[in-house]
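Residue numbering for the sequence shown follows the working numbering, beginning at 110 and increasing consecutively.
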Amino acid sequence: MSDDLLPHPATGVPFPSPVPAGTGWPGDPATAETPIARSATQVRRLAGRVGLDELDARVSVCRACPRLVQWREDVARTKRASYADQPYWGRPIPGFGSATPGILVVGLAPAANGGNRTGRVFTGDRSGDWLFASLHRVGLATRGTSVHAADGLELVDTRMVATVRCAPPQNRPTTVERDTCSPWIEAELRLLAEHVRVVVALGGYGWDASLRSYAALGWQVVRPKPRFGHGAEATLVGDGRSVTLLGCYHPSQQNTFTGRLTEPMIDEVFRRAAVLGRVDPG
110 MSDDLLPHPA
120 TGVPFPSPVP
130 AGTGWPGDPA
140 TAETPIARSA
150 TQVRRLAGRV
160 GLDELDARVS
170 VCRACPRLVQ
180 WREDVARTKR
190 ASYADQPYWG
200 RPIPGFGSAT
210 PGILVVGLAP
220 AANGGNRTGR
230 VFTGDRSGDW
240 LFASLHRVGL
250 ATRGTSVHAA
260 DGLELVDTRM
270 VATVRCAPPQ
280 NRPTTVERDT
290 CSPWIEAELR
300 LLAEHVRVVV
310 ALGGYGWDAS
320 LRSYAALGWQ
330 VVRPKPRFGH
340 GAEATLVGDG
350 RSVTLLGCYH
360 PSQQNTFTGR
370 LTEPMIDEVF
380 RRAAVLGRVD
390 PG
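Here it is as structure tokens:
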């Protein structure tokens with residue numbers, strides 16, 4: 110942890126980087142007493158039989174993957190030059206949004222200088238700029254920008270999660286890291302299952318993670334395995350319920366700069382999600 114204290118861009122309260130749990134960072138769900146998972150076995154144990162708030166807290170202090178812990182904290186200490194005057198969260202990112210969502214958005218992992226800096230998934234990076242703007246246009250977010258965790262943004266009947274909760278080098282978690290982290294998203298899906306009617310998977314990684322996570326809960330997926338594509342749909346069935354899985358190209362700079370993903374394309378997917386989730390679309 111850095112000994113240098115820098116003011117939070119919204120509140121002005123000084124923090125070291127990375128930020129210790131329970132020190133007042135906006136939206137921090139943890140306290141100094143929140144149990145910390147330090148291995149895959151401990152992740153699986155601590156992810157079980159807790160409510161959503163406690164699950165978020167335990168996610169936010171996890172230290173089970175040494176390479177990811179090292180990377181996220183190194184980035185938090187060194188910082189990108191444009192954010193050198195800000196403290197970095199430098200911890201895993203819990204889910205964000207409604208506790209009873211009809212719509213769940215599943216992404217890959219936090220960005221090193223986005224969520225890893227702000228402490229909120231997709232907040233503070235170019236992908237988030239596209240994502241929150243689209244959610245706002247179709248009525249699923251109260252504002253179209255998201256710059257930090259104290260900006261007042263709220264999601265409407267929607268929650269978003271990352272498959273892997275720490276920022277990985279080159280945005281590529283290993284298979285072991287993915288599997289170590291998987292109990293967190295599985296536990297979150299179990300807690301949200303009675304509410305979620307639509308899952309929007311961002312990119313092939315989010316698509317596969319959604320299928321894999323629901324399968325781990327005992328849900329059935331049509332065979333052969335549904336293929337990812339922009340606008341693709343698949344039905345998942347379990348516990349007497351069904352969920353529609355929607356595919357959406359990830360709003361990465363590579364996709365948005367090249368025109369592979371356009372604003373009308375991403376809006377079409379989230380408008381479809383709003384209809385299926387029974388949210389009045391904008």
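Note that CB positions come from ideal geometry on N, CA and C, so glycine has one too.
Beta bridge counterpart(s) of MET374 as assigned by DSSP: Per DSSP, none; premise fails for MET374.
Reducing DSSP to helix, strand and coil, say where PHE231 ends up. coil
Kindly identify the DSSP beta-bridge partner or partners of LEU354. VAL308, ALA343
Could you check where the beta strand (DSSP E) with VAL270 kicks off and where it finishes? 267-271
Find the nearest neighbour of THR272 within the set ASN222, VAL168, PRO116, ASP348, judged by alpha-carbon distance. VAL168
Looking at C-alpha atoms only, which residue of VAL215, PRO127, TRP239 is the closest neighbour of ARG200? PRO127
Can at least three beta-carbon pairs, one atom from the region 167-185 and one from the region 273-280, be found at a separation below 8 Å? yes
Do you know how far the Cα of VAL152 is from the Cα of TRP293? 7 Å
Unbroken beta strand (DSSP E) run spanning ILE212, endpoints: 212-216
Between the C-alpha atoms of GLU286 and PHE205, what's the straight-line distance to the nearest angstrom? 21 Å
Pick helix, strand or coil for PRO116, following the three-state DSSP scheme. strand
For PRO123: DSSP bridge partner residues: PRO116
Quickly, what does DSSP pair LEU298 with across the bridge? List them, please. DSSP lists no partner for LEU298.
Around the Cβ of ARG154, are there at least 16 other Cβ atoms within 10 angstroms (buried) or fewer (exposed)? exposed
Name the residue from VAL170, ASP260, VAL265, ALA173 whose alpha carbon lies nearest to the alpha carbon of LEU213. VAL265
For PHE366, does the three-state DSSP call read helix, strand or coil? helix
Is it buried or exposed, SER291, if we count other Cβ atoms within 10 angstroms and call 16 or more buried? buried
In chain order, which continuous runs of the beta strand (DSSP E) of length 3 or greater are located wholly inside the region 153-222? 212-216
Between SER322 and the rest of its own chain, which residues show a CB-CB distance below 6 Å, the 5 nearest in sequence each way excluded? ILE294, GLU295, LEU298
Assumed close pair ASN225, TRP198 - CB separation to whole angstroms, cut-off 8 Å: 6 Å
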